[in-house]
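Asker: In this note's numbering, the protein residues as written are 366 to 598. All residues carry an ideal CB built from backbone N, CA and C; glycine is no exception.
Shown next as structure tokens:
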């Protein structure tokens with residue numbers, strides 16, 4: 366009888382040890398997966414930041430080598446490029462996500478388009494082709510169409526400087542309606558505003574230049590922000 370009790374105790378202890386090892390292994394695996402996922406995200410953020418920095422440096426370098434002299438058109442183009450450089454540097458100083466780095470990239474590209482205009486006005490080779498500037502897009506939510514643009518226009522008179530609406534980071538730009546006010550008011554009353562912000566984010570993410578206002582820009586998520594509007598991102 367005593368022998369049987371010993372055998373049972375041995376089986377119980379052995380089972381407990383095996384279970385503990387299995388749990389520890391599973392925990393390590395989960396921790397390893399989380400660490401790997403976090404490292405991949407950090408690498409993606411770093412790549413987007415490096416790409417944005419390269420575009421800003423390219424704009425600054427291009428600007429420093431040109432002198433408009435008495436050419437009025439070139440002088441204005443260089444002034445516009447300098448303004449875009451200041452905006453891009455301001456955005457870069459506060460950027461921490463691929464989305465925001467994409468906005469920096471797009472702002473720098475705008476400045477480089479002004480550089481091309483200046484070079485053309487001076488009779489110089491405009492240089493290599495550049496990615497197209499942000500053109501905006503359209504999203505239909507609940508039967509209503511919302512339009513966004515990089516520039517103000519008859520159909521897009523409302524400026525949004527960029528920010529977070531119901532937990533979503535939305536880019537600055539010109540819109541057909543002040544949807545952010547609707548989202549904030551509806552969000553305070555219930556889920557309607559959250560649904561609107563989510564739908565706009567998801568829709569604009571897949572529309573616009575280079576795969577979307579929020580997506581695939583040159584070397585990272587594109588977007589538009591600070592286009593002719595007040596202040597940096």
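Straight-line CA distance for residue 493 to residue 450?
Answerer: 19 Å
Asker: From the DSSP output, in three-state form, read off residue 464 for me.
Answerer: helix
Asker: By the three-class DSSP mapping on this structure, what secondary structure does residue 429 have?
Answerer: Three-state DSSP puts residue 429 in a helix.
Asker: Starting from residue 538, trace the beta strand (DSSP E) in both directions and tell me its first and last residue.
Answerer: 538-540
Asker: Looking only at its own chain, which residues have a Cβ that is under 8 Å from the Cβ of residue 443, when we skip the five neighbours before and after it?
Answerer: 428, 431, 433, 479, 480, 483
Asker: What separation, rounded to the nearest whole angstrom, lies between the Cα atoms of residue 526 and residue 471?
Answerer: 15 Å
Asker: Going by other Cβ atoms of all chains shown within 10 Å of its Cβ, with 16 needed for buried, is residue 477 buried or exposed?
Answerer: buried
Asker: Quick one: what's got a C-beta closer than 6 Å to residue 424's C-beta in the same chain, skipping five residues either side?
Answerer: 450, 473, 476, 477
Asker: Are residue 417 and residue 460 closer than 8 Å when you measure CB to CB?
Answerer: yes
Asker: Pick helix, strand or coil for residue 512, following the three-state DSSP scheme.
Answerer: strand
Asker: Am I right that residue 495 and residue 439 are in contact with their C-beta atoms under 8 Å? What's the rounded C-beta distance?
Answerer: Contact annotation, residue 495 with residue 439: C-beta distance approximately 18 Å; criterion of less than 8 Å not satisfied.
Asker: Residue 518 and residue 539 - do their beta-carbons sit closer together than 8 Å?
Answerer: yes
Asker: Quick one: what's got a C-beta closer than 7 Å to residue 491's C-beta in the same chain, skipping five residues either side?
Answerer: 481, 484, 485
Asker: Please work out which residues of its chain come closer than 6 Å, Cβ to Cβ, to residue 420, disregarding the five sequence neighbours upstream and downstream, and give them in chain order.
Answerer: Once the five neighbours on either side are set aside, the close Cβ partners of residue 420 are 470, 473.
Asker: What's the gap between the Cα of residue 457 and the Cα of residue 426?
Answerer: 16 Å
Asker: Indicate whether residue 415 and residue 463 have their beta-carbon atoms separated by less than 8 Å.
Answerer: no
Asker: Looking only at its own chain, which residues have a Cβ that is under 7 Å from the Cβ of residue 394, when we skip the five neighbours before and after it?
Answerer: With a pLDDT of 47 at residue 394, under the threshold of 50, the modelled position of that residue is not reliable, and no figure is offered here.
Asker: Going by DSSP in three states, residue 577 sits in which element: helix, strand or coil?
Answerer: A caution first: residue 577 carries a pLDDT of 40, below 50, which makes its placement in the model too unreliable to give a value.
Asker: Taking only the alpha-carbon atoms, compute the straight-line gap between residue 541 and residue 455 and give it to the nearest angstrom.
Answerer: 27 Å
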